[in-house]
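For what it's worth, full-length UniProt numbering labels the leading residue of the sequence shown as 1, then goes sequentially.
From the three backbone atoms N, C-alpha and C, an ideal C-beta is built for every residue, glycine too.
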Amino acid sequence: MAADVLAPGFWEVGSYKHNVKRFKDGVEQLDDYCKMSRERAEIEAKYSKMLSQHAEKWKAHVDRTVSAGSVKTVWHELIGEAAALSRVHNTLKDGLIDDIVNETSTYRKNSLHTSVFKGPKEIREIEDHFEKAQKPWKKLVDKMEDKRSKYYNVCRQEKSALVNLQNSHTDTSVSQDAAIKFRERHEKLKEEVQRTKVDYQKTLTNLNEYKNVYIEAMAHVFKMCQEKEMQRSQFLISIVQKTQNHYAALIRNSQMSGLHQQLEQSIRSADEEAIKRDLAQWSRVNGVDASSDWPNFVEYSPEIRNIAARGGSTKDAGGVILTRQINRSEDIASTHSNTLPSVAVNTANSHEDVGKSSPKSSSESDTSTFDSRKHNTTTNKYKNQTQTATLIQPPSWHPSEGPDSPPLSTETPDSAKYGDFEEYTTSKPAVVLYDYVPAEGDEIALKKGDTIEVLTEPDSLGWCTGRVNGSVGLFPASYVQCDKS
Numbered sequence: 001m002a003a004d005v006l007a008p009g010f011w012e013v014g015s016y017k018h019n020v021k022r023f024k025d026g027v028e029q030l031d032d033y034c035k036m037s038r039e040r041a042e043i044e045a046k047y048s049k050m051l052s053q054h055a056e057k058w059k060a061h062v063d064r065t066v067s068a069g070s071v072k073t074v075w076h077e078l079i080g081e082a083a084a085l086s087r088v089h090n091t092l093k094d095g096l097i098d099d100i101v102n103e104t105s106t107y108r109k110n111s112l113h114t115s116v117f118k119g120p121k122e123i124r125e126i127e128d129h130f131e132k133a134q135k136p137w138k139k140l141v142d143k144m145e146d147k148r149s150k151y152y153n154v155c156r157q158e159k160s161a162l163v164n165l166q167n168s169h170t171d172t173s174v175s176q177d178a179a180i181k182f183r184e185r186h187e188k189l190k191e192e193v194q195r196t197k198v199d200y201q202k203t204l205t206n207l208n209e210y211k212n213v214y215i216e217a218m219a220h221v222f223k224m225c226q227e228k229e230m231q232r233s234q235f236l237i238s239i240v241q242k243t244q245n246h247y248a249a250l251i252r253n254s255q256m257s258g259l260h261q262q263l264e265q266s267i268r269s270a271d272e273e274a275i276k277r278d279l280a281q282w283s284r285v286n287g288v289d290a291s292s293d294w295p296n297f298v299e300y301s302p303e304i305r306n307i308a309a310r311g312g313s314t315k316d317a318g319g320v321i322l323t324r325q326i327n328r329s330e331d332i333a334s335t336h337s338n339t340l341p342s343v344a345v346n347t348a349n350s351h352e353d354v355g356k357s358s359p360k361s362s363s364e365s366d367t368s369t370f371d372s373r374k375h376n377t378t379t380n381k382y383k384n385q386t387q388t389a390t391l392i393q394p395p396s397w398h399p400s401e402g403p404d405s406p407p408l409s410t411e412t413p414d415s416a417k418y419g420d421f422e423e424y425t426t427s428k429p430a431v432v433l434y435d436y437v438p439a440e441g442d443e444i445a446l447k448k449g450d451t452i453e454v455l456t457e458p459d460s461l462g463w464c465t466g467r468v469n470g471s472v473g474l475f476p477a478s479y480v481q482c483d484k485s
């Protein structure tokens, strides 16, 4: 409710309520200021958090994408300004909560003691003091107004009786007795006018006699109101000043001032000479000044060639891997043996029977048996595969097979390295152990449980030629088991 709703004044009965309302409005002002300061603190907290997240995000981005040098240095320092500004605004938030909101709430709690039913106790006390000071005065005023009202009423009746009396003198139709009655009534009312006038004047005299007492009592209560309002206003102005000091710290912050001076110095330092030094450093690492290992002649020496997996996955840690050792000597003639190449088992499964493990899906390959490989003389399209084989045993060879087979050392019989394989002969039936999806055009598909005709023995990389449903092609030897019957 606006302050000008009540009629202005103070001494009239009930006009003291302006002062009571001001007291209530002062309490609401303290609450409103707390609310405003709390909202500003929330804004500062959100802004501080956003600045901090912004600085973290772009610092990580610059660290990841920008090479070392003057650009990265000044960029980092600029991002550091956001982090520092975030701390400044977070400090402002803490100051608003600790110094402003809490202090205002404490002042309100100590100055105004809230009761359950009628609001703050101090407001009720002020209102009670005004009512007590005005009660005798109000009683006299009411009595005076009553006497005045009676006096005015008798005066109106006396005027009316006088008019009737005058009319009776001119009106011939009025009897003598009626004229006498009009005269008696008028005289009686004249006496009543004098009596009520005396009563009215007497109550007015009594009212005026009490006026000084009334003025003193009302002035005393009003002085109390003024003192309380003075305290509240001084406190609120001091809080406003403290708030302004916190706000001014944003622009007078010595830390931010020093940081910007340092940032300006760093930017000025990142001049053309600094950029030239960065370019020279880049040239020494990634440019024409970088060191190089130019090609030189290297004498041949025998090497062990790892057999790459065909479509295999490096994730398979427990698989059995087909290996072979090739001595790159072309002046030694030897022939291929009728036995199979050796297999190597991952150390995690080296003591387990290869044939006992369950097969995996074709998408992940089989980790309980070895990966098969094609012969390297048939095609070289597996050079870029990433999975390599681990050498365990070299296969054995017999020189009676022919001159086309590459010479290998003979140490261990192939039958000891292929636990589940027998020596294949031409067109020998075998049972498919696992599904196989062809990866090349010269391969055939296998389905677990089917029977396949094995037309050739495994080559040096573990691939056989077979026939399924009239289709002839290559398949991994490890995916079938010879029919021992």
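Item                                                                                                                                                                                     : Value
Quick one: what does DSSP say Pro-394 is sitting in, helix, strand or coil?                                                                                                              : Unreliable placement is indicated for Pro-394, whose pLDDT of 40 sits below 50; the coordinate value is still reported in the next sentence. Correct three-state label for Pro-394: coil.
Bridge partners for Ile-251 per DSSP, in chain order?                                                                                                                                    : Looking at the DSSP assignment, Ile-251 forms no beta bridge with any residue, so it has no partner.
Answer yes if the segment 175-187 comes into contact with the segment 157-165, meaning at least three C-beta pairs across the two stretches below 8 Å, and no otherwise.                 : yes
Using 8 Å as the threshold, is the segment 20-38 in touch with the segment 97-114, meaning 3 or more CB pairs across them?                                                               : yes
With respect to the beta strand (DSSP E) encompassing Ala-430, which residues constitute its N-terminal and C-terminal limits?                                                           : 428-432
Could you tell me whether the Cβ of Ile-215 comes closer than 9 Å to any Cβ of chain C?                                                                                                  : Protein chain content of the structure displayed is limited to a single chain, and chain C is not contained in it.
Taking the Cβ atom as the reference point for each residue, do Lys-159 and Thr-196 lie within a distance shorter than 9 Å?                                                               : no
With distances taken from CA atoms, which of Asn-90, Leu-30, Ser-52, Val-174 is nearest Ser-105?                                                                                         : Leu-30
Distance, Cα to Cα, Asn-469 vs Lys-447?                                                                                                                                                  : 12 Å
Following the continuous alpha helix (DSSP H) through Leu-78, name the residue where it begins and the one where it ends.                                                                : 70-95
May I ask which residues mark the beginning and end of the beta strand (DSSP E) holding Thr-465?                                                                                         : 463-468
Taking the continuous alpha helix (DSSP H) assigned at Ser-149, which residues delimit it?                                                                                               : 121-170
Pro-458: which of Ala-477, Cys-155, Ser-233 sits nearest, CA to CA?                                                                                                                      : Ala-477
Given that a residue counts as buried once 16 or more other Cβ atoms are within 10 Å of its Cβ, and exposed if not, what is Ala-290?                                                     : exposed
Counting only the same chain and skipping the five closest in sequence on each side, list residues whose C-beta sits under 6 Å from that of Glu-77.                                      : Leu-263, Ser-266
Going by beta-carbon coordinates alone, are Leu-92 and His-260 separated by less than 9 Å?                                                                                               : no
Can you check whether the CB of Ile-123 is closer than 9 Å to the CB of Val-221?                                                                                                         : no
Spatial neighbours of Tyr-214 within its chain, please: C-beta separation below 6 Å, excluding the five flanking residues on both sides.                                                 : Trp-137
Would Lys-134 and Tyr-16 be called neighbours here (beta carbons separated by less than 9 Å)?                                                                                            : Looking at the sequence shown, residue 134 is not Lys but Gln. A contact, by the Cβ cut-off of 9 Å.
If we ignore side chains and look at the alpha-carbon of each, how far apart do Ile-444 and Cys-464 end up?                                                                              : 11 Å
When you compare each of Gly-95, Val-432, Asn-153 to Gln-241 by their alpha carbons, which one comes out closest?                                                                        : Gly-95
When DSSP labels each residue in this structure, what does Leu-263 get in the three-state scheme?                                                                                        : helix
Using the Cβ count rule (16 or more neighbours within 10 Å means buried), how would you classify Pro-172?                                                                                : According to the sequence displayed, residue 172 carries Thr and not Pro. The residue in question, Thr-172, is exposed, as its Cβ has fewer than 16 Cβ neighbours within 10 Å.
Mapping the DSSP letters down to three states, classify Ser-301 as helix, strand or coil.                                                                                                : coil
Grouping DSSP H, G and I as helix and E and B as strand, with all else coil, what is Thr-65?                                                                                             : helix
Take Ser-168 and list the residues in its own chain whose beta-carbon comes closer than 6 Å to its own, dropping the five residues that flank it on each side.                           : Val-174, Ala-179, Phe-182
Just to confirm my understanding: we take Ile-79, look at its own chain, exclude 5 residues before and 5 after, and list those with CB closer than 8 Å. What are they?                   : Ala-55, Trp-58, Lys-59, Val-62
Is it buried or exposed, Ile-332, if we count other Cβ atoms within 10 angstroms and call 16 or more buried?                                                                             : Only weak support is given to the placement of Ile-332: the predicted model assigns it a pLDDT of 38, under 50, and the value that follows is read from those uncertain coordinates. Ile-332 comes out exposed.
Using the beta-carbon count (16 or more within 10 Å), is Thr-205 buried or exposed?                                                                                                      : exposed
Please work out which residues of its chain come closer than 8 Å, Cβ to Cβ, to Gly-473, disregarding the five sequence neighbours upstream and downstream, and give them in chain order. : Pro-438, Asp-442, Glu-443, Ile-444, Thr-465, Gly-466
How long is the line joining the alpha carbons of Ser-257 and Val-20, rounded to whole angstroms?                                                                                        : 49 Å
Taking all protein chains shown into account, decide if Thr-451 is buried (16 or more other Cβ within 10 angstroms of its Cβ) or exposed.                                                : exposed
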